[in-house]
Each structure stands twice: as C-alpha cells, then as structure tokens.
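Asker: For what it's worth, full-length UniProt numbering labels the leading residue of the sequence shown as 1, then goes sequentially. Encoded as structure tokens, here's the structure I'll be asking about.
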Amino acid sequence: MYLRKEAKDMIKEICNRYKDEPSPLMLILSDTQKEYGYIPLEVQEIISEETGIPVSEIYGVVTFYSFFSLVPKGRYVIGVCIGTACYVKGGQNVLDKFGELLHIKQGQTTEDGLFTLDGLRCIGACGIAPAISINGKVYPKVKLADIPKIIKEYREKEIE
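And the structure:
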C-alpha cells in the first residue's frame with residue numbers, strides 16, 4: 001500500500017502533537033483512527049519511526065482494542081451489543097438480522113462502503129438491551145422489525 005504525502009504528513013503531525021506526553025501511543029492511535037479512518041501496517045510503521053515505539057508494540061495495541069481497525073470501515077459503523085444483558089434480550093438475533101439485510105458478516109463492510117457491522121462485547125447500555133450504536137448514536141431496545149427502518153434512515157441520508 002502506498003501512502004500519499006498528505007497522509008504521511010498528517011500522521012507525523014499527530015505524532016508530534018503528543019511528543020511530550022509520557023505515554024502517547026493511545027492518544028496517537030485514537031487521533032490517527034479519527035483522521036485516517038483505520039490503522040494499517042504502513043501507518044503503524046510511520047508512527048514507529050516518529051515515536052521510536054516498536055511496530056510490534058503498536059500492532060499489539062491496535063489488535064487488542066476493538067475500536068481500532070486494520071482495515072477501512074464504512075461511513076456508518078453499526079455496533080451491535082452482544083454482551084450478557086443484550087445477548088439474553090436478543091442481541092445476537094439483532095446482529096444476525098443486520099448481517100442478513102446488509103449481506104455482510106460481523107467485521108465486514110458493505111460493497112458500497114456505507115456500513116460496517118461489528119459485534120461489541122458491551123456498550124454500557126444494559127438497562128436498554130438489546131442496544132446498538134451507529135457512529136456513537138445509541139438505539140435502545142432494538143426489535144428485529146426496527147432494523148429495516150434503521151438501515152433505510154442511513155441510506156436516505158446519502159440521497160439528501
């Protein structure tokens with residue numbers, strides 16, 4: 001993969017922003033994910049060059065935390081909670097229904113790049129289970145019948 005100069009400069013600027021922090025890696029990775037969209041190996045190598053942190057350590061952090069991604073995500077990231085409370089209230093069924101309607105599996109992105117589907121261990125919304133999160137917006141007590149309407153809502157945003 002080839003990174004454009006603008007992307008490299010942006011990553012270097014993010015690293016420079018946190019150079020005086022005692023433990024800058026999480027801050028750098030969070031900002032990089034926000035700005036670049038994901039953190040492939042080529043980006044990790046630039047971060048390593050700029051910070052002196054070994055690529056193996058960076059890779060370990062990126063792959064440990066589910067909110068970091070090695071691959072591009074869709075414009076709308078659907079996080080379906082499958083933690084205990086949500087699972088018991090049908091979270092797995094909600095995840096399966098989104099997958100069926102979007103023709104993707106957990107961890108995949110639709111061909112049009114619009115949606116990514118992720119199963120999440122817990123989103124801290126146990127009292128409103130089953131819950132989903134789309135780009136940070138939480139939907140409570142999701143029913144299978146709600147899912148086509150939710151997908152339609154986001155597809156229509158693309159038409160406007």
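Backbone N, C-alpha and C fix where the C-beta goes; we use that ideal spot for every residue, glycine too. These numbers come from a predicted model, not from an experiment.
Once you ignore the five residues that flank D96 on each side, which residues in its own chain have a CB closer than 6 Å to its CB?
Answerer: Indexing the sequence shown from 1 puts residue 96 at position 96. Nothing meets the Cβ criterion.
Asker: If I follow the unbroken beta strand (DSSP E) through I78, where does it start and stop?
Answerer: If you number the sequence shown from 1, residue 78 lands on position 78. Element bounds for I78: Y76 to C81.
Asker: Would you tell me roughly how many angstroms separate the C-alpha atoms of T116 and D20, rounded to the nearest one?
Answerer: For the purposes of this step, residue 116 is identified with residue 116 of the sequence shown, where counting begins at 1. For the purposes of this step, residue 20 is identified with residue 20 of the sequence shown, where counting begins at 1. So the alpha carbons of these two residues sit roughly 35 Å apart.
Asker: Please state if the CB of I151 and the CB of Y139 are separated by a distance shorter than 8 Å.
Answerer: Along the sequence shown, one-based indexing puts residue 139 at 139. Along the sequence shown, one-based indexing puts residue 151 at 151. No, they are not a contact pair.
Asker: What's the gap between the Cα of I46 and the Cα of L25?
Answerer: Counted from its first residue, the sequence shown places residue 46 at position 46. Counted from its first residue, the sequence shown places residue 25 at position 25. Answer to the nearest angstrom: the Cα atoms are 13 Å apart.
Asker: When DSSP labels each residue in this structure, what does S66 get in the three-state scheme?
Answerer: By one-based count along the sequence shown, residue 66 stands at place 66. In the structure shown, S66 sits in coil (DSSP, three-state: anything other than H, G, I, E or B).
Asker: Based on the DSSP secondary-structure assignment, which residues constitute the bridge partners of T116?
Answerer: Here residue 116 is taken as the residue at index 116 of the sequence shown, counted from 1. Its beta-bridge partners are V77 and T109.
Asker: Within 10 angstroms of the Cβ of G60, are there 16 or more other Cβ atoms? Answer buried if so, exposed if not.
Answerer: Here residue 60 refers to the residue found at position 60 of the sequence shown. With fewer than 16 Cβ atoms within 10 Å of its Cβ, G60 is classed as exposed.
Asker: For K34, report the span of its alpha helix (DSSP H) as first-last.
Answerer: For the purposes of this step, residue 34 is identified with residue 34 of the sequence shown, where counting begins at 1. Here the alpha helix (DSSP H) through K34 covers L25 to Y36.
Asker: In three-state DSSP terms, what is V71?
Answerer: Your numbering for residue 71 matches position 71 in the sequence shown. Coil, per DSSP.
Asker: Determine the direct distance from the alpha carbon of L102 to that of C122, and round the result to whole angstroms.
Answerer: For the purposes of this step, residue 122 is identified with residue 122 of the sequence shown, where counting begins at 1. For the purposes of this step, residue 102 is identified with residue 102 of the sequence shown, where counting begins at 1. The straight-line gap from Cα to Cα measures roughly 22 Å.
Asker: Does the beta-carbon distance from I128 to F98 come in below 8 Å?
Answerer: Along the sequence shown, read from residue 1 onward, the residue named residue 128 stands at position 128. Along the sequence shown, read from residue 1 onward, the residue named residue 98 stands at position 98. No. Outside cutoff.
Asker: Out of K5, S48, K73 and N16, point me to the one whose CA is closest to Y38's CA.
Answerer: Numbered from its first residue, the sequence shown carries residue 38 at position 38. For Y38, the nearest C-alpha among the options comes from K73.
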